[in-house]
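Numbering (our numbering), first residue to last: 751 to 1092.
Where a beta carbon is used, it is the ideal one built from N, C-alpha and C, also for glycine.
Please read all numbers here as calculations on a predicted model, not as lab measurements.
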Amino acid sequence: MALKKNKISEDLLLNKTPPHDIDAEQSILSAIFINNDSLHDIISILSPEDFYKGSHQKIYQAIIDLAHKGEPADLVTVVNRLKEKGELESIGGASYLAAISDAAPVAVNAVHYADIIKGKSSLRQLISASSGIIEKCMKDQGDFEDIIDFAESSIFNISSKKTEGGFKTLGELINLNIDKLEDQQGKDGGLSGLSTGYTRLDKITSGLQKSDLIILAARPSMGKTAFALNIARNVALHEHKPVAVFSLEMSNEQLSMRLLTSEARIDSNRLRTGFISQEDWQNATDAAGILNELPIFIDDTPNITAMEIRAKARKLCQKHNELGLIVVDYLQLMKPPFRTDR
C-alpha cells in the first residue's frame, strides 16, 4: 500500500501542471488596459514573477516600466515597449496583446483577480520549496537537524512574506513616536531596549537591545540562573514581551519552583518540604497568581542543539507575533551539531 501511495504522489508531481489561472492573468492585464488607475492597487499585490505564463510576466513588466516613466499603458505603448526590449515576438506578437486588450473584464474586479493570481503563485512557491526539501532528503547528506531547519525556514519564508507595507498618515506616525517617547519617559533613563529590572545595569546598557547576544559568566553557584530568571520575569511582567527559556540542566518544574520562591520571597527549602507558615503560604499563592499571567515559556529538552532552539523559538515567535527574550541555561550543555573530540 505504501508503494502505491508513493507511486501516486510521484505521478502527481510529474504529470500535473502547477497551480495557475490563465484567465485571471489575462483578465487583470485587460483590466489595466481599460483603467490604468487599477495598477495602483495591483502593483502592491503582484510582482511579474507571480504570473505563471512567461508572456504575461513580460507584458506586466512592460506595463510597470511605462508606469515608472509616467506614461499610459495601452495597446500601442505596451507594444512599443516590448519592441524596445526585443520581447514582442516572444509574447505572441501584437495580435496576442490585441486579444487581451479586447477582452472585457470588470475593471473593479482587478484586485480580486490579483488575489487569485497571488494565491496560485504562493502555491507554486510552496511546491518549489517542497521539491527542495525532497531533494535534500533524497541526497541523504548532512545532519538531520540541518534538513529539518532548512524545511522549516523554507515554509516559514513563504508564510511570512509580505508584499504590501501600506501607507500610514503622518498623524499616525507622529502618534507612534509620541507613544515611544512616553514609554521611554516612563523608563529609568529613557531606555531604548528592554529593561532588565536592574536600574544600574539598564543605565550602562540602555536595556536589552534587539539581536544582542549576552553571556552571563561567573563561578559555580554564584546565582547565574537566578539572575537570568529574574531578567526573564521582569521582561515578561513589565515589558509584556513573550520570553522563551531553554533549561538544559534543570527540569521545567525545578525552574518554575525557583521562579515561585523568588517571587514569593520565601525559602525554597521550606516550600519544597511543606513546612511553611500561613504567611508564607499566602505569599506563595499571591506569587502564583502573578506568575500565571506571565508569557514565559520553558523548554527542558535535554541535549538540545542550536538549530532546535532556533526552530522552536521561530515557532513561538510566529504563534505570539513577537519574542522579547531567549534565555539558554546553560550554554555548555548544548549538543553540538556534529561530533567532536574536543
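Shown here, alanine 994 sits in a strand according to DSSP, grouped into three states.
Rounded to whole angstroms, leucine 944 and alanine 774 show a C-alpha spacing of 48 Å. Isoleucine 1046: member of the beta strand (DSSP E) spanning 1046 to 1049, first to last residue. Non-local beta-carbon contacts of glycine 882 in its own chain, meaning distances under 7 Å to residues more than five positions away in sequence, involve Ser904 in chain order. For leucine 832, the enclosing alpha helix (DSSP H) begins and ends at 825 to 834.
Beta bridge pairing from DSSP links leucine 958 with Leu944. In this structure, alanine 823 lies away from leucine 832, with their beta-carbon atoms at least 8 Å apart. Between alanine 812 and valine 828, the alpha-carbon positions lie close to 6 Å from each other. Within the same chain, and ignoring the five residues on either side of alanine 864 in sequence, the residues whose Cβ sits closer than 8 Å to its Cβ are Ile778, Asp791, Ile792, Ile795, Leu796. Counting along the chain, the unbroken beta strand (DSSP E) around isoleucine 1076 starts and ends at 1075 to 1079. Given a length threshold of 4 residues, each whole run of the alpha helix (DSSP H) inside the stretch 835 to 923 is given here in chain order: 843 to 852, 860 to 889, 894 to 909. Each residue's CA atom was taken as its position, placing arginine 1020 and leucine 1010 some 12 Å apart. Phenylalanine 801 carries a coil assignment under DSSP once its states are collapsed to helix, strand and coil. DSSP places glycine 1039 within a helical segment (H, G or I) once states are collapsed to three.
Around the beta carbon of leucine 958, 16 or more other beta carbons lie within 10 angstroms, which makes this residue buried. Judged by their CB atoms, valine 1077 and valine 995 are nearer to each other than the 8 Å cut-off. Cβ contact annotation for isoleucine 965 (same chain, cutoff 8 Å, sequence separation greater than five): Leu1081, in chain order.
Counting along the chain, glutamine 1004 sits inside the alpha helix (DSSP H) bounded by residues 1002 to 1014. Put simply, the backbone Cα of glycine 820 is about 33 Å away from that of leucine 873. Here the C-alpha atom of lysine 1085 lies approximately 11 Å from the C-alpha atom of threonine 1051.
For aspartate 787, the closest alpha carbon among the candidates Ala848, Asn859, Gly842, Tyr846 is that of Asn859. Contact check for aspartate 899 against alanine 1038 fails: the beta carbons are separated by 8 Å or more.
Segment contact: the stretch 1061 to 1072 against the stretch 976 to 986, fewer than three CB-CB distances shorter than 8 Å; contact not assigned. Judged by DSSP secondary structure, isoleucine 784 falls within the alpha helix (DSSP H) whose first and last residues are 772 to 784.
Sixteen is the threshold: since fewer than 16 other Cβ atoms of the shown chains lie within 10 Å of the Cβ of glycine 804, the residue is exposed.
With a beta-carbon spacing of about 6 Å, leucine 979 and arginine 1008 fall inside the 8 Å limit used to define contacts. Under the criterion of beta carbons closer than 8 Å, leucine 998 and leucine 1083 qualify as touching, at roughly 4 Å. Here the alpha carbons of glutamate 834 and serine 871 stand approximately 28 Å from one another. DSSP places asparagine 980 in the uninterrupted alpha helix (DSSP H) bounded by 974 to 988.
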